[in-house]
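Student: Provided herewith is a single structure, encoded as structure tokens, for subsequent inquiry.
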Amino acid sequence: MNQETIQKIVFEAIAETNEELPTEKQLELSLETGLFGSQGKLDSLDLVNLVVATEQMIEEELGVSLTLADEKVLALEESPFQTIGTLVSFITSQVSS
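Residues 54 to 150, numbered by the working numbering, are exactly what the sequence shown covers, in order.
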């Protein structure tokens, strides 16, 4: 699966999540945008909502069932939830393997 397709799906999930967020917490659709942690705008509940929306869209559009927030992912030294770009790269690697 190519990274452009994954990026499009993640951007769609972010747009859906943004609809539920106050203006000051909405995410810019850029690979450099921080998601969670010191540079991010999302709190843990907002991140869960984004993860669920992303998982659902990947399953609907690609027919791939993917769990983005399990123990292995959360234990990674470099979190895939730092920026939109790190999330897109992580999903691409998971879907391709």
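All C-beta atoms, glycine included, are put in the ideal place defined by N, C-alpha and C.
Please report how far the alpha carbon of residue 117 lies from the alpha carbon of residue 137, in whole angstroms.
Tutor: Along the sequence shown, read from residue 1 onward, the residue named residue 117 stands at position 64. Along the sequence shown, read from residue 1 onward, the residue named residue 137 stands at position 84. Taking the straight line from one Cα to the other gives about 20 Å.
Student: Would you identify the three-state DSSP class for residue 86, choosing helix, strand or coil?
Tutor: Here the question's residue 86 lines up with position 33 in the sequence shown. Residue 86 falls in the coil class under three-state DSSP.
Student: Is residue 160 buried or exposed, if buried means 16 or more other CB atoms sit within 10 Å of its CB?
Tutor: Residue 160 cannot be examined here, being either before or after the span of the chain that is shown, 54 to 150.
Student: Does the beta-carbon distance from residue 134 to residue 100 come in below 9 Å?
Tutor: Numbered from 1 along the sequence shown, position 81 holds the residue referred to as residue 134. Numbered from 1 along the sequence shown, position 47 holds the residue referred to as residue 100. Their beta carbons are under 9 Å apart, which means residue 134 touches residue 100 by this criterion.
Student: Counting Cβ pairs closer than 8 Å, one from the region 68-83 and one from the region 91-109, do we hit at least three?
Tutor: Cβ pair count under 8 Å is three or more, so yes.
Student: Taking all protein chains shown into account, do 16 or more other C-beta atoms lie within 10 angstroms of the C-beta of residue 76, making it buried, or fewer, making it exposed?
Tutor: Translated into the one-based positions of the sequence shown, residue 76 becomes position 23. Its Cβ having fewer than 16 others within 10 Å, residue 76 is exposed.
Student: Can you tell me where the alpha helix (DSSP H) with residue 97 in it begins and where it stops?
Tutor: By one-based count along the sequence shown, residue 97 stands at place 44. Run containing residue 97: 97-115, per the alpha helix (DSSP H) assignment.
Student: Compute the beta-carbon to beta-carbon distance between residue 145 and residue 79, rounded to the nearest angstrom, for a pair I have assumed lies under 8 Å.
Tutor: Mapped onto the sequence shown, residue 145 falls at position 92. Mapped onto the sequence shown, residue 79 falls at position 26. With 8 Å as the limit, residue 145 and residue 79 do not qualify as a contact, their Cβ atoms being about 24 Å apart.
Student: Would you kindly work out how many angstroms separate the C-alpha atoms of residue 88 and residue 128, rounded to a whole number?
Tutor: If you number the sequence shown from 1, residue 88 lands on position 35. If you number the sequence shown from 1, residue 128 lands on position 75. Cα to Cα, residue 88 sits roughly 17 Å from residue 128.
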